[in-house]
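In full-length UniProt numbering, the protein residues as written are 1 to 465.
Note that the Cβ used here is the ideal one computed from N, Cα and C, for glycine as well.
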Ligand SMILES: [Ca+2]
Ligand SMILES: [Ca+2]
């Protein structure tokens with residue numbers, strides 16, 4: 001997982017410290033390739049990392065992330081990791097033998113560089129009623145003990161609405177298919193969802209499990225890491241595997257309906273590969289990392305990444321997303337959490353006792369507002385604005401909840417009045433008619449009252465047709 005994890009286990013450093021600094025590790029294991037597609041599955045996308053040694057991976061398949069953050073996104077990629085991501089072939093290259101190598105390097109001033117790439121496509125999801133599998137064959141950086149402190153390789157996926165927004169994590173969903181820190185012989189598989197902190201996915205920890213790699217250690221050999229999202233099972237399920245052995249699952253009935261919907265009812269996921277240095281996860285297990293003992297020059301080695309689909313009529317996603325639409329933040333027809341607003345004025349984020357848990361924005365008064373950047377209505381005409389609200393306002397105190405498009409002073413397209421509902425945690429769903437809306441808009445929810453007292457709390461909003 002990439003975004004601000006906090007692990008509670010303490011890491012006991014291995015006794016055997018590597019004394020020699022070996023800048024390059026030769027991988028003895030032979031390269032394989034994308035396996036023959038199993039019966040019942042279709043290959044939706046893959047990269048075998050064939051190509052000339054010393055060159056960057058395919059720019060048709062991958063975007064190379066640079067620096068310390070997405071433009072406008074959280075600092076240090078939201079995790080506290082310290083390295084600068086580059087597109088130098090010193091950090092990121094094909095090895096000429098069918099593998100991708102991401103190498104972490106420390107310079108003479110103790111500055112670390114490394115690399116992170118993500119698929120251009122952001123539509124990896126099951127065909128309706130079917131399954132999707134995301135799989136990679138990977139050798140983790142071959143370094144252990146004190147020499148590995150701070151190494152944080154990952155193979156993972158983020159919900160595509162993260163692109164262009166960067167502040168809607170974890171509601172859009174994150175699947176950590178393979179994560180590892182500090183050279184420990186273990187693979188972590190984690191789901192991030194809901195709200196942060198806390199919520200149904202227990203953020204920032206997430207819902208995770210880990211196990212040692214089968215046979216050879218994760219560091220000394222290639223292993224196959226696989227994640228499946230199964231819409232054909234009941235309940236629907238996420239499952240994590242290493243070398244075909246399942247070690248974690250999360251099912252739909254473990255989570256609130258709106259949490260599940262928010263991470264599954266969007267265009268799909270993009271896949272990432274990166275090698276971070278330092279940050280919350282390695283630090284949680286080993287104190288401040290990296291240390292002076294951390295050895296530069298080890299590589300995350302990836303033989304292939306493949307995405308398969310099955311069932312659901314056998315269709316495979318064909319849409320290619322090359323440029324994320326600006327502000328691709330919210331699906332108008334799923335619950336849009338008030339606390340996930342792109343920006344907000346007024347009210348206080350608090351834990352909600354409403355069905356499904358999570359948070360709400362409590363006790364908003366006249367003049368308050370929320371902005372949701374990039375709400376996607378699509379080509380279907382939305383005609384209903386609905387909000388989940390509660391109010392403990394005093395007698396005679398009420399006000400309006402108004403939806404506007406593209407400006408906080410734009411015309412009101414839908415509104416309703418609300419007064420006391422029986423208490424600040426006495427929730428009800430209030431629908432209002434709305435003039436027809438299509439396309440993608442920044443939605444502003446504004447609050448107008450003739451009194452100055454708070455009159456409404458909001459858990460979520462959504463739109464309907
Ligand atoms: Ca390969
Ligand atoms: Ca909420």
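Entirely enclosed beta strand (DSSP E) segments - the UniProt domain "CBM6" (334 to 464), minimum 3 residues:
Listed in chain order, the complete beta strand (DSSP E) runs (minimum 3 residues) inside the UniProt domain "CBM6" (334 to 464) are 343 to 345, 348 to 351, 359 to 364, 369 to 391, 399 to 405, 412 to 418, 423 to 448, 456 to 464.
Check this for me: beta carbons of residue 361 and residue 339, under 9 Å apart or not?
Taking the C-beta atoms as reference points, residue 339 is found nearer than 9 Å to residue 361.
Do you know whose CA, among 33, 43, 34, 32, lies nearest residue 311's CA?
Nearest to residue 311 by alpha-carbon distance, out of 33, 43, 34, 32, is 43.
Using a threshold of 8 Å, is the CB atom of residue 360 nearer than that to any non-hydrogen atom of ligand 2?
Within the cutoff, so yes.
Runs of 3 residues minimum, wholly inside the stretch 230 to 296: which ones carry the beta strand (DSSP E) assignment?
As far as the stretch 230 to 296 is concerned, its whole beta strand (DSSP E) runs of at least 3 residues are 237 to 242, 245 to 251, 269 to 277.
With 16 other Cβ atoms within 10 Å as the buried cut-off, status of residue 67:
The residue in question, residue 67, is exposed, as its Cβ has fewer than 16 Cβ neighbours within 10 Å.
Roughly how far, in whole angstroms, is the beta-carbon of residue 56 from the beta-carbon of residue 297, given that I think they are within contact range, below 8 Å?
Cβ atoms of residue 56 and residue 297 stay farther apart than 8 Å, at about 19 Å.
With residue 176 and residue 156 assumed to form a contact (beta carbons below 8 Å), what rounded beta-carbon distance in angstroms separates them?
In this structure residue 176 touches residue 156 by the C-beta definition: roughly 5 Å separates them, less than 8 Å.
Flag this pair as touching only if the stretch 72 to 88 and the stretch 272 to 285 have three or more C-beta atom pairs under 8 Å; answer yes or no.
Two segments are said to touch when three or more pairs of C-beta atoms, one from each, lie closer than 8 Å; by this definition the stretch 72 to 88 touches the stretch 272 to 285.
Identify the residues that DSSP records as bridge partners of residue 85: which are they?
67, 114, per the DSSP bridge assignment.
Name the two residues that bound the continuous beta strand (DSSP E) containing residue 44.
Per DSSP, residue 44 belongs to the beta strand (DSSP E) from 41 to 47.
Please state the DSSP three-state secondary structure of residue 37.
Here residue 37 sits in coil by DSSP.
Going by DSSP in three states, residue 156 sits in which element: helix, strand or coil?
Of the three classes helix, strand and coil, the one that applies to residue 156 here is strand, per DSSP.
Look at the alpha carbon of residue 457 and the alpha carbon of residue 370, and state the distance between them as a whole number of angstroms.
The alpha-carbon atoms of residue 457 and residue 370 are separated by roughly 12 Å.
List the residues that DSSP assigns as beta-bridge partners of residue 176.
In DSSP, residue 176 forms a bridge with 156, 190.
Which of helix, strand or coil DSSP assigns to residue 80:
Assignment of residue 80 by DSSP, reduced to helix, strand and coil, places it in the coil class.
Cα-Cα separation, residue 373 to residue 132:
Cα to Cα, the separation comes out at about 29 Å.
Indicate, with yes or no, if ligand 1 has a heavy atom lying under 8 Å from the CB of residue 241.
It does not: the Cβ of residue 241 is nowhere closer than 8 Å to a heavy atom of ligand 1.
Beta strand (DSSP E) containing residue 138: first to last residue?
From DSSP, the beta strand (DSSP E) with residue 138 extends over 130 to 139.
Write down the C-beta distance between residue 167 and residue 342 rounded to the nearest angstrom, noting that I regard them as a contact closer than 8 Å.
Going by Cβ atoms, the distance from residue 167 to residue 342 rounds to 6 Å, so yes, they are a contact pair.
Contacting residues, own chain, Cβ-Cβ under 7 Å from residue 74 (five flanking each side not counted):
Residues 166 of the same chain have their beta carbon placed closer than 7 Å to that of residue 74, with the five preceding and five following residues left out of the count.
Contact test: residue 33 Cβ vs ligand 1 heavy atom, cutoff 8 Å
Within the cutoff, so yes.
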